Each structure stands twice: as C-alpha cells, then as structure tokens.
Amino acid sequence: MKRLALNATAVAVLVTTVFPVYWMFLTAFKPTRDIQAATPTFWPADPTLDHFVTAVNAPGFWTYWRNSLLVTVAAVLIALVVALLAAFAMTRMRWRGRSAFVVAVFAAQMAPWEALLVPVFIIARDTDLLDSLAMLTGVYFMVTLPFTIVTLRGFLAAIPPELEEAAQVDGCSRLVAFRRVVFPLLAPGLMATSLFGFITAWNEFAFVNVLIIKDQDKRTLPVWLSSFRDVFGTDWGATMAAASLFALPALLLFLFLQRRVGTGMTAGAVKG
Amino acid sequence: MKYRILALAAVLALSACGTGAEPETGAAASGAPAKLTVWIMDGSVTKELLKKFETEHEAAHKGVDLDIQIQAWDGIGERVTAALASTDAPDVIEVGNTQVAQYSASGGVTDLTAKVADLKGEDWLPGLAQPGKIDGKQYGVPWYAANRVVVYNKDLFAEAGIKEPPKTRDEWLEITTKLNKGGNQGIYLTGQTWYALAGFVWDEGGDLAVQEGGRWKGALDTPQALAGMDFYQRLQALGKGPKDADEANPPQHEVFAQGTVAQIIAVPGVAARVLEVDGKLKDKMGFFPIPGKTADKPGTVFTGGSDLIIPVASQHQDEAYELVKALAGEEFQKELATTMSFVPNRTSLAGVLSGDEGTAAMAVGAAGGRATPNTPNWAAVEATSVIKQYMTAVLTGADPAAEAKKVSESITTTLNSGS
Amino acid sequence: MRAGRRSFWPFLLIAPTVAGGAFLLIYPMLKAAVISFQHFRMGELIRGGATFIGLENYAELLGGEEFWQVVWRTVVWTVVNVVLIVVLSTGVALMLVRLRRGLRLAVMSALALAWATPVIAATTIFQWLFQSELGVVNWLLVTLGFDSFQGYTWFADGTATFAVLVILVVWQSVPFAALTLYAGLTTIPAELYESARIDGGSGGQVFWKITVPMLRQLFALIVSLEVIWVAKCFPQIWVLSQGGPDDATTTLPVYAFKVARVLHRYDLGSAVAMLTVVILAVALVSNLRRMVRS
Numbered sequence: 001m002k003r004l005a006l007n008a009t010a011v012a013v014l015v016t017t018v019f020p021v022y023w024m025f026l027t028a029f030k031p032t033r034d035i036q037a038a039t040p041t042f043w044p045a046d047p048t049l050d051h052f053v054t055a056v057n058a059p060g061f062w063t064y065w066r067n068s069l070l071v072t073v074a075a076v077l078i079a080l081v082v083a084l085l086a087a088f089a090m091t092r093m094r095w096r097g098r099s100a101f102v103v104a105v106f107a108a109q110m111a112p113w114e115a116l117l118v119p120v121f122i123i124a125r126d127t128d129l130l131d132s133l134a135m136l137t138g139v140y141f142m143v144t145l146p147f148t149i150v151t152l153r154g155f156l157a158a159i160p161p162e163l164e165e166a167a168q169v170d171g172c173s174r175l176v177a178f179r180r181v182v183f184p185l186l187a188p189g190l191m192a193t194s195l196f197g198f199i200t201a202w203n204e205f206a207f208v209n210v211l212i213i214k215d216q217d218k219r220t221l222p223v224w225l226s227s228f229r230d231v232f233g234t235d236w237g238a239t240m241a242a243a244s245l246f247a248l249p250a251l252l253l254f255l256f257l258q259r260r261v262g263t264g265m266t267a268g269a270v271k272g
Numbered sequence: 001m002k003y004r005i006l007a008l009a010a011v012l013a014l015s016a017c018g019t020g021a022e023p024e025t026g027a028a029a030s031g032a033p034a035k036l037t038v039w040i041m042d043g044s045v046t047k048e049l050l051k052k053f054e055t056e057h058e059a060a061h062k063g064v065d066l067d068i069q070i071q072a073w074d075g076i077g078e079r080v081t082a083a084l085a086s087t088d089a090p091d092v093i094e095v096g097n098t099q100v101a102q103y104s105a106s107g108g109v110t111d112l113t114a115k116v117a118d119l120k121g122e123d124w125l126p127g128l129a130q131p132g133k134i135d136g137k138q139y140g141v142p143w144y145a146a147n148r149v150v151v152y153n154k155d156l157f158a159e160a161g162i163k164e165p166p167k168t169r170d171e172w173l174e175i176t177t178k179l180n181k182g183g184n185q186g187i188y189l190t191g192q193t194w195y196a197l198a199g200f201v202w203d204e205g206g207d208l209a210v211q212e213g214g215r216w217k218g219a220l221d222t223p224q225a226l227a228g229m230d231f232y233q234r235l236q237a238l239g240k241g242p243k244d245a246d247e248a249n250p251p252q253h254e255v256f257a258q259g260t261v262a263q264i265i266a267v268p269g270v271a272a273r274v275l276e277v278d279g280k281l282k283d284k285m286g287f288f289p290i291p292g293k294t295a296d297k298p299g300t301v302f303t304g305g306s307d308l309i310i311p312v313a314s315q316h317q318d319e320a321y322e323l324v325k326a327l328a329g330e331e332f333q334k335e336l337a338t339t340m341s342f343v344p345n346r347t348s349l350a351g352v353l354s355g356d357e358g359t360a361a362m363a364v365g366a367a368g369g370r371a372t373p374n375t376p377n378w379a380a381v382e383a384t385s386v387i388k389q390y391m392t393a394v395l396t397g398a399d400p401a402a403e404a405k406k407v408s409e410s411i412t413t414t415l416n417s418g419s
Numbered sequence: 001m002r003a004g005r006r007s008f009w010p011f012l013l014i015a016p017t018v019a020g021g022a023f024l025l026i027y028p029m030l031k032a033a034v035i036s037f038q039h040f041r042m043g044e045l046i047r048g049g050a051t052f053i054g055l056e057n058y059a060e061l062l063g064g065e066e067f068w069q070v071v072w073r074t075v076v077w078t079v080v081n082v083v084l085i086v087v088l089s090t091g092v093a094l095m096l097v098r099l100r101r102g103l104r105l106a107v108m109s110a111l112a113l114a115w116a117t118p119v120i121a122a123t124t125i126f127q128w129l130f131q132s133e134l135g136v137v138n139w140l141l142v143t144l145g146f147d148s149f150q151g152y153t154w155f156a157d158g159t160a161t162f163a164v165l166v167i168l169v170v171w172q173s174v175p176f177a178a179l180t181l182y183a184g185l186t187t188i189p190a191e192l193y194e195s196a197r198i199d200g201g202s203g204g205q206v207f208w209k210i211t212v213p214m215l216r217q218l219f220a221l222i223v224s225l226e227v228i229w230v231a232k233c234f235p236q237i238w239v240l241s242q243g244g245p246d247d248a249t250t251t252l253p254v255y256a257f258k259v260a261r262v263l264h265r266y267d268l269g270s271a272v273a274m275l276t277v278v279i280l281a282v283a284l285v286s287n288l289r290r291m292v293r294s
C-alpha cells in the first residue's frame with residue numbers, strides 16, 4: 001500500500017516534469033487544425049513536418065544556428081580549461097589569498113549581467129570588437145566561468161589527493177599523474193559542468209542585441225527565436241517547432257551525456 | 001571529451017548541410033564597393049519594391065552596394081541606440097515619427113540643415129519634419145506618413161446586406177454587430193491597439209497627456225478619456241481580437257487575409273500586405289474613414305509615419321546622403337505612395353493619390369490628424385507599454401477609473417523624468 | 001605537493017581566470033559603478049562627456065516609492081520560489097531514495113531533461129501552456145469543473161502572471177536541487193537510520209534529527225545558489241511579461257534593465273544594479289563567511 005502511494009507519487013512527478021517538453025514536441029508535430037481543436041489531443045494522431053519546414057525556412061535560421069553553436073561550444077570549452085586550472089590550484093595547493101579567491105569566485109555569480117550591458121558595449125566599441133563573435137564568446141565564457149569553477153572545485157575535492165601522490169611515488173610526473181589518475185575520475189564532472197555552461201550560453205540574448213549591430217549574419221538563435229515569435233505570434237505550431245529546434249542541441253547533448261550526468265551533476269556539489 | 005564535443009559539433013554541422021543549408025554569401029568580390037547598410041522597419045515597404053529600388057539605385061550609383069535589412073519592432077530602441085553609439089553604424093535608419101525627436105536630441109545623428117533646400121524641404125509634411133528638428137536644426141528627413149482607416153471585406157459586407165459604410169460611431173457599432181455572426185468576426189481589434197484608443201479619446205475631447213505650466217501630466221483618467229476607452233471596449237467585443245496583444249501579434253493582415261474578418265483598423269497600405277499573404281481578397285477590400293461621433297465630422301486619427309536619419313557614426317556620409325535623397329525624392333516617393341498607399345513626404349506630391357479608394361479615405365481622416373504629445377520622452381512611454389497594459393486590464397474586467405488613474409500617474413512620472 | 005613551499009604555480013594556474021575576470025567582469029563592474037555616480041543617458045552614451053553628479057541617482061532611487069516596491073517584490077519573489085524549490089526538491093530527493101531502481105532512473109532522467117531545456121524554449125512553452133483560448137491548462141481546469149477559466153487570460157492579471165512565472169522557475173530549478181540532495185542522501189550511512197529506527201524514532205524525527213544535520217552544508221549551498229539564481233532571474237520574466245502587467249513582475253534585474261535600456265537612464269540602471277549586488281551580498285554574508293572558514 002505504502003509502496004503503491006510512493007510509486008503513484010513518482011509517476012505524478014515524472015509526468016509533471018516531462019509534460020511541458022512533451023507538449024512542445026507534440027504541438028510542433030500536430031497539424032494546425034488539431035492544435036486549434038477545442039479538445040486537445042494528447043497523442044500525435046496525424047503527425048506533420050509542416051511547422052518545422054516553416055521554421056527552418058524563416059530567414060537566417062541556419063546561419064544563426066551555426067553562430068550559436070560556434071559561440072557556445074567555444075565559450076564552454078575555454079571555460080572548462082580555465083576553470084580546471086583554477087580548481088586545481090584551489091584544491092591541491094596552498095597559497096596566500098586562496099580563501100579570498102574562493103569567496104571572489106562565489107561572489108562573481110552575483111554579477112548583475114543585465115546591468116553590465118552598457119559597460120561591456122563601451123568596452124567592445126573602444127576595442128573595436130563590436131559585430132564580432134569573439135567578443136560574444138568572451139562574454140559567455142565569463143558568464144559561465146564562476147559556476148564552472150565552483151562545481152569543478154567540488155569534484156576535485158572529492159578525489160583524494162593520495163591517489164595522485166601514490167602515482168607520483170611510482171615515478172609519474174605530476175602532470176602525468178593528474179592525467180592518468182584524476183582525469184578519468186573527473187570526466188563525469190566535466191560533462192555535467194559543460195552541459196550547464198552550454199545551456200546558459202545557448203540562451204543568452206541581451207548581449208547579442210547590443211554587441212552585434214550591423215552584421216546581422218552574426219546574430220544568434222535566441223534573437224532569431226524572439227523575432228520569429230514576433231512574426232508568427234499565434235502560429236503555435238510553427239512557434240513550438242522553432243522552440244523545439246532551439247532546445248534540440250541542449251537536449252541532444254543531454255542524451256549524449258545522460259549516463260554520466262545523472263551521477264556527475266551532483267557529486268561535485270555534494271562536496272561543494 | 002573535448003573530441004567528443006567537437007565530434008558532436010561536426011555531426012550537427014554536417015546534418016545542417018545535409019538538409020540544404022546555404023552558407024551566407026560573402027561581400028561581393030570585385031571592386032570593393034561601398035557597402036551601405038540600411039535599416040527599414042518591418043511592415044514599411046513590400047519586399048518587391050525594396051528589391052526594385054535596390055537594383056535601380058545600385059545601377060545609378062556605381063560602387064554602391066546596398067544591404068537593406070528589415071528590422072523587427074521588438075527591441076528596436078535598444079538596437080538604434082547601440083547603432084548610434086557605435087563606431088561603424090548602419091548608414092541610413094528609418095525611425096518612427098514619435099521616436100525621431102529623442103535620437104535627434106542625442107547628438108548621434110548627422111545634421112542635415114544645409115541640405116533641406118536640396119531635398120526640397122519647403123513643403124515637407126509638418127507632422128514628420130517638426131519632430132526631426134531640434135533647436136532649429138534638421139536631423140530627420142521626412143519619409144512617408146499614413147493614418148489609420150477602416151479596411152473592410154466587401155464580400156462580408158454584401159452578405160450582411162450592408163450597402164454603405166457607417167458615418168457615425170453608433171452606426172458603426174450597429175453594422176459591426178450585424179457582421180459579427182456565425183464564423184465571422186465583425187471587427188478584429190486587438191486589445192492593445194493604443195493609437196485607435198487615442199483617436200477615440202481625442203474625439204471625446206480628451207488627450208493622452210497635457211502640459212500644465214511646463215510639467216506634463218498623464219490624462220487618461222479624465223472623464224473624456226474614460227468615455228473613449230468605453231467605446232473601445234464596446235467595439236472590441238464585436239470580434240475575437242485577443243485582449244492581451246497588439247495588432248502585430250499575430251500580424252493582423254494575416255488574420256484579415258483568411259477572409260472571415262469583416263473589418264480591421266489599419267493604414268490603407270495593409271492591403272498590399274494582405275495580398276502578399278493570400279491573393280483571394282484581390283479587389284474585395286474597401287476602405288472608409290474611422291467614423292466620428294457625428295456624421296459631419298470623421299473620427300480623429302493618429303498621424304503615423306517615418307523619418308530617415310544618417311548616424312554620425314556612418315562611414316559613408318556622402319553615399320548615405322545620396323541614398324536618403326533618392327528615398328525621399330519625388331520619383332521614389334510617388335512609387336512608394338501608390339504601392340503602399342502612403343501619404344508622400346511633400347504636400348505638393350499628394351496629387352498622385354487621387355483615384356485610390358484607400359488613400360481617399362485616409363485623406364478624409366488626415367484632415368483631423370493628431371500626433372502624440374510633443375516631447376522626446378514620449379518614446380519612453382511607448383516603450384514601457386503602460387497604455388497597452390492599461391487597456392488589457394480594463395478589457396479583462398478591471399475597474400476603468402482605478403486603472404486609468406494608475407496609468408496616468410505612470411505617464412506623468414515618465415514624461416517628467418528628464419533626458 | 002602539500003608542502004607549503006612558495007611557488008608561482010598556483011598563481012600561474014589562476015592567471016587565466018583572473019585575467020578574464022579583470023577584463024570582462026571587474027572592469028565592466030567598475031565602469032558601471034562609475035556610471036552610477038554620473039549623469040549618463042542616451043546623449044552621454046553616444047557623445048561621451050558624462051559629468052559626475054555625486055549621489056543624485058542613489059538619492060532619486062532611495063527617495064522614491066517605486067524602488068522600494070521593487071525591492072519588496074524581489075524579496076517576495078525570491079522567498080516564494082526558494083521555499084517551494086527547497087521543499088519540493090527535498091520531497092523528490094527523499095522519494096528517489098525509496099524508489100526501486102527502474103522507476104528511480106526514469107524520474108531522474110525526466111528531471112535532467114527538464115533541467116536541460118533552455119530557458120527561452122521553456123518560457124515559450126509556458127506561454128503556450130497558459131495561452132487563453134487554446135492553452136491546455138485552461139482546458140484542463142475547465143474540464144475539472146473550474147468553469148471560470150474558460151478563456152482566462154493569465155497574462156493580463158498581475159498575480160496570475162506572477163504565479164505562472166513561479167511555476168516556470170520552480171519547474172526549471174527543482175531538478176538541480178533534487179538531484180543534488182539525492183546524491184547527498186546516498187552518502188548518509190544506512191546504519192545511522194537503522195539505529196534511529198531501533199530507538200523508535202518516527203519518520204519525521206529521523207528526518208529532522210539525522211538527515212537535516214547531516215546535509216546542513218548541502219542545504220546551505222543549495223539555498224544560497226538558488227537565492228542568487230532566483231533573485232537574478234531575468235530572461236524568463238523579460239520574455240514572458242517584460243515585468244508587467246502593471247509592474248507586477250518587475251523584480252530588481254528587470255527594473256534595472258527597463259530603466260537602462262528602455263528609458264535610456266543608464267545612470268539610474270547602474271545604481272539599481274549596484275544596490276542589487278549589495279542587497280544580495282548582505283543576504284548571503286553568513287554563507288560567504290562560512291565559505292571563508294572552510
């Protein structure tokens with residue numbers, strides 16, 4: 001009886017969690033007449049790709065898709081490397097100012113990014129970095145960096161330093177010891193963290209609007225999605241198809257990393 | 001893991017190519033022409049006309065390559081500001097006549113006072129020229145004007161047995177009720193069409209805001225303004241226009257093109273866009289001026305329109321000026337006016353419109369045209385959407401008097417906040 | 001390696017972080033701080049030449065009613081969301097521990113899926129779910145017998161919009177917190193629970209006497225992260241309601257953005273941002289202190 005109630009709750013949680021995402025894909029595949037039916041259907045009786053065709057044919061889709069992917073992947077990779085170095089120094093070494101650095105990294109998460117639009121714009125203008133994907137990449141790198149460091153630090157702290165010490169005793173250099181012993185243990189953490197960074201950077205739209213001005217071919221997908229919604233407003237099929245295409249890379253990455261993420265996402269924070 | 005992500009990226013990029021992605025074309029190779037970037041607002045001009053202009057202008061000006069970018073309204077204020085503040089701005093920007101004052105005052109727009117005679121500015125429409133002029137200097141160049149009329153579906157009018165367009169508001173409500181039958185909507189009026197509300201408020205003798213001893217004061221809470229809102233509410237109920245959206249969401253010409261909507265309030269140029277969506281309404285669209293309270297006086301309307309500006313930060317000032325001159329010149333103005341049913345930027349060109357039903361209706365209304373309160377801060381009131389929110393609140397059942405008081409206070413604060 | 005030998009290595013390792021932070025975070029922050037003491041509006045952004053006006057922007061903010069309303073709204077927004085997130089995710093985590101493997105993996109995957117949905121996609125979905133005429137939520141409510149929801153316009157009413165945003169943010173935030181707490185729960189030795197049960201403790205007692213103290217650090221971390229994320233939450237609100245209707249969903253970051261980008265009061269917007277950072281720092285000072293100690 002108790003088990004039944006527990007399982008029922010679990011199913012309820014499962015359904016409410018998945019439903020919005022399911023509804024997005026379902027709407028995207030439904031013919032318009034089903035979307036506008038007074039009684040909604042909960043299964044794609046008559047799936048169609050029309051809405052996806054509309055979305056993909058909207059001006060700029062592929063260009064923006066590629067820009068987003070480029071900027072996001074670059075920002076995430078740079079952030080991972082930089083964060084790994086910092087996290088190593090934070091967990092494996094003692095130095096003056098370490099605790100101040102920890103606090104600074106934590107506090108950096110409080111940065112009011114929306115209010116830094118104008119200063120960042122001025123900096124980009126004065127260094128001739130307007131209309132440049134490099135500047136966008138830099139900003140996204142910085143937006144994701146603090147959280148990446150905090151999580152990686154947690155993961156590293158969870159790995160006993162004795163493991164590396166033992167390897168070093170066996171004659172490995174410190175770098176080799178790190179690569180052979182620590183890196184494999186850290187892999188789930190790196191993946192979970194990269195997913196987080198990916199989602200954050202993939203979403204950003206406020207900076208694109210002020211940093212990319214004249215060269216429209218350098219805009220990114222969130223901007224495309226918002227102007228798409230302007231134009232297609234209540235064509236919910238097309239809008240959901242566009243949203244699906246927008247969500248797809250993150251969801252694919254999630255499927256790709258899923259096994260590791262399940263345990264990885266959390267282990268770091270536990271020790272955090 | 002790095003390689004895996006790269007591999008994933010590669011796979012995604014490949015699949016992108018596989019389904020027919022076209023890489024965007026780079027700058028033209030030979031001769032390195034001056035590439036002029038032009039921002040035209042979404043909905044101003046049809047794509048064909050822009051294409052035609054582009055071809056002709058490039059042919060007439062060797063070494064000029066036009067890049068005409070259509071701008072969405074959403075977030076346009078931010079983008080224009082960023083452009084004016086940048087070091088390599090678009091060369092010509094279309095800005096609304098309610099917005100041009102604040103940009104002109106900012107110092108980021110090229111002063112064209114010396115060129116007014118060359119542009120034949122002596123008979124520019126004052127509603128476009130004045131907002132573009134700050135402290136005696138002309139920054140904005142008038143481009144076109146338009147005001148709203150009622151666009152109707154002739155078939156649906158005939159079906160309902162309506163022979164003649166209404167002359168007064170009461171008649172208007174009466175015929176719209178008749179039209180609002182079966183699957184058809186009497187009028188498709190979204191809840192946030194605020195310039196239509198402005199017209200009704202002006203008809204009642206009210207205003208959006210008034211100036212009292214150097215200070216601005218929101219005036220939507222006056223009895224006159226409330227009467228205007230009341231009429232809006234009664235009219236809006238005679239169709240299925242969403243109460244929480246404006247006419248751009250979804251674009252009302254697309255709704256009208258489906259053929260089940262009897263009337264919309266729009267500029268006559270919307271007809272061209274309706275036909276772009278669906279040709280079945282060809283020759284089925286009629287126009288009449290927005291009715292007033294009495295038959296002898298048509299409804300007061302909001303005069304909308306656009307000016308062209310050249311940012312100081314444009315790298316091609318001379319080419320940009322030539323472009324503005326062409327866009328604001330007689331030849332293109334005539335073409336623009338006839339294709340889009342706009343009022344041309346000079347009164348002496350108005351003759352080209354005679355014989356067009358839509359613009360005839362527009363001209364009747366234009367006689368009583370009004371503008372939004374003349375202050376650079378008005379743009380901020382529009383940007384904060386407070387009037388739209390007020391309308392939605394009233395239409396969904398909130399107390400009009402209390403809501404009007406709130407929105408008026410908010411307008412008062414914004415208009416007096418300095419710039 | 002644990003020897004306290006002085007070395008340049010640690011500083012070399014943090015150098016990229018410090019360099020990135022200096023150029024892209026600290027420098028813009030300082031610039032924003034400077035702007036908050038200036039007369040800096042559209043003209044100054046375009047022409048340059050801003051003048052210092054001391055504390056006038058702060059005086060305007062702190063002396064006006066609106067700012068305090070926004071602060072109060074932000075506090076309510078943060079508290080409601082964080083409480084819901086923590087309570088729900090604790091419940092989900094406790095449930096996960098008790099589930100059989102198959103169902104547990106299914107629920108965990110579902111949570112991770114919701115977590116991985118990009119904010120703007122999620123926001124668009126919620127607009128569609130709560131759409132007035134064709135939205136599935138209104139249909140469901142009417143089907144369940146709440147007839148007043150026929151065609152109900154959620155986004156026209158302040159409280160309703162606020163509620164939809166809370167549901168959205170909670171839906172997006174619970175997965176991270178729940179999975180983290182679940183991982184924490186699995187580290188508590190089973191013997192502790194057994195001995196507690198032998199001593200005759202009820203479920204509630206066990207939770208408060210063992211689970212909560214064991215996971216105190218983890219709870220503290222989650223609460224402070226969620227406070228930061230929720231208080232700073234911007235894209236959801238901006239895309240869904242732009243702070244409306246009637247400012248009912250204008251929290252501090254939305255307010256700062258509106259003041260700066262819409263009214264072109266960059267000076268006032270920067271002042272709002274500076275005050276936001278101060279308020280957040282004060283709210284989290286005890287946590288920061290604990291981090292220094294650890």
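So the sequence lines, in the order shown, correspond to chains H, Y and A. According to this note's numbering, the residues represented by the first sequence are 1 to 272, in order. According to this note's numbering, the residues represented by the second sequence are 1 to 419, in order. According to this note's numbering, the residues represented by the third sequence are 1 to 294, in order. Don't be surprised by glycine CBs; every beta carbon is placed ideally from N, CA and C. Fair warning: this is a prediction, and the values are worked out from it, not measured in the lab.
Starting from residue i, trace the beta strand (DSSP E) in both directions and tell me its first and last residue.
i	result
PHE155 of chain A	Unbroken run through PHE155 of chain A: none, as it is neither H nor E.
VAL312 of chain Y	Note, VAL312 of chain Y: premise wrong, no beta strand (DSSP E); not H, not E.
Going by other Cβ atoms of all chains shown within 10 Å of its Cβ, with 16 needed for buried, is residue i buried or exposed?
i	result
PHE121 of chain H	buried
SER30 of chain Y	The predicted model places SER30 of chain Y with a pLDDT of 40, which falls under 50 and marks its position as unreliable, so this point remains unresolved.
SER241 of chain A	buried
LEU257 of chain H	buried
LYS282 of chain Y	exposed
SER227 of chain H	buried
ALA8 of chain H	exposed
Look up residue i in the DSSP assignment and say whether it is helix, strand or coil.
i	result
GLU204 of chain H	coil
ASP399 of chain Y	coil
GLN389 of chain Y	helix
ARG346 of chain Y	strand
PHE369 of chain Y	For clarity, residue 369 of chain Y is Gly in the given sequence; the question names Phe instead. In the structure shown, GLY369 of chain Y sits in a strand (DSSP, three-state: E or B).
GLY218 of chain Y	strand
LYS51 of chain A	In the sequence as displayed, the identity of residue 51 of chain A is Thr instead of Lys. It is a strand residue.
If you follow the alpha helix (DSSP H) that residue i is in, where does it begin and where does it stop?
i	result
PHE302 of chain Y	Not the alpha helix (DSSP H): PHE302 of chain Y falls in the beta strand (DSSP E), residues 301 to 309.
TYR195 of chain Y	194 to 203
ILE149 of chain H	133 to 158
Starting from residue i, find everything on chain H with Cβ-Cβ shorter than 9 Å and list it in chain order.
i	result
THR87 of chain Y	ARG125, ASP126, ASP128, LEU130
ARG79 of chain Y	ASN209, VAL210, ILE213
Under 9 Å between beta-carbons, which chain Y residues line up against residue i? List them in chain order, please.
i	result
GLN242 of chain A	THR384, SER385
Residues of chain Y with CB closer than 8 Å to the CB of residue i, please, in chain order.
i	result
ILE125 of chain A	Near ILE125 of chain A there are no residues of chain Y at all, since even the closest Cβ is about 17 Å away, more than 8 Å.
ASP235 of chain H	PRO250
GLN36 of chain H	None at all; the shortest Cβ gap to chain Y is about 12 Å.
Who does residue i pair with in a DSSP beta bridge?
i	result
LEU36 of chain Y	Y:LEU66
VAL150 of chain Y	Y:ILE265, Y:PHE288
List the residues of chain H that residue i touches, going by C-beta distances under 7 Å, in chain order.
i	result
GLY75 of chain Y	ASN209
Please find out if some non-hydrogen atom of the ligand ATP comes closer than 7 Å to the beta-carbon of residue i.
i	result
ILE35 of chain H	Annotation note on the ligand ATP: not contained in the displayed structure, which lists no ligands.
Using the beta-carbon of each residue, which ones in chain A are nearer than 7 Å to residue i?
i	result
MET240 of chain H	TRP128
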